[in-house]
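In this note's numbering, the protein residues as written are 1 to 158.
Here the structure comes first, spelled out in structure tokens, and everything after it is commentary.
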């Protein structure tokens with residue numbers, strides 16, 4: 001099984017290497033490296049270019065929706081990732097955030113994650129929300145990192 005990267009949709013290099021080493025037929029071998037494969041460069045470039053135009057630490061729900069719509073149209077988001085990110089808009093509406101109200105999404109989700117972790121601890125039972133919230137915090141932190149001028153390359157192993 002190939003594990004897809006959260007941002008690039010690329011197979012995990014370690015998994016790919018194991019699969020290729022176990023192949024015995026005359027099959028075309030893919031080069032495994034820690035650099036980004038050229039076939040996904042346009043996807044990553046689109047992600048970087050579009051995400052850099054938006055500041056998720058000071059963004060309205062409407063602008064966030066616009067950003068993820070553009071990312072999806074550019075092929076930088078899978079349908080699953082798009083649906084996960086679109087659910088952020090629902091969370092914001094439920095929290096009473098208006099469509100044009102500016103909000104720090106990273107802080108908003110860090111707070112929600114902290115509250116959910118505390119609730120899980122006091123109830124002594126796991127809550128399914130935690131993994132969903134962690135995934136959203138990771139996405140938002142990556143978007144925030146892409147916005148900063150000294151943003152490092154996307155971590156394809158995430």
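Glycine included, C-beta positions come from ideal geometry on N, C-alpha and C.
Item                                                                                                                              : Value
Classification of residue 80 by the beta-carbon crowding that lies within 10 angstroms, buried from 16 upward                     : exposed
Beta-carbon contacts of residue 113 that lie in its chain and below 6 Å, excluding the five residues immediately before and after : 133 and 137
Span of the alpha helix (DSSP H) around residue 90                                                                                : 79–94
Per-residue burial, residue 43 [other beta carbons within 10 Å of its own, 16 or more giving buried]                              : buried
Close Cβ partners of residue 97 (< 7 Å) along its chain, the five nearest in sequence each way excluded                           : 61 and 103
Where the alpha helix (DSSP H) through residue 65 begins and ends                                                                 : 61–73
Assigned exposure category for residue 51 - 16 Cβ within 10 Å defines buried                                                      : buried
Separation of residue 78 from residue 56, as counted between CA atoms                                                             : 20 Å
Cα-Cα separation between residue 142 and residue 122, rounded to whole angstroms                                                  : 30 Å
Spatial distance of residue 82 from residue 69 (CA atoms)                                                                         : 8 Å
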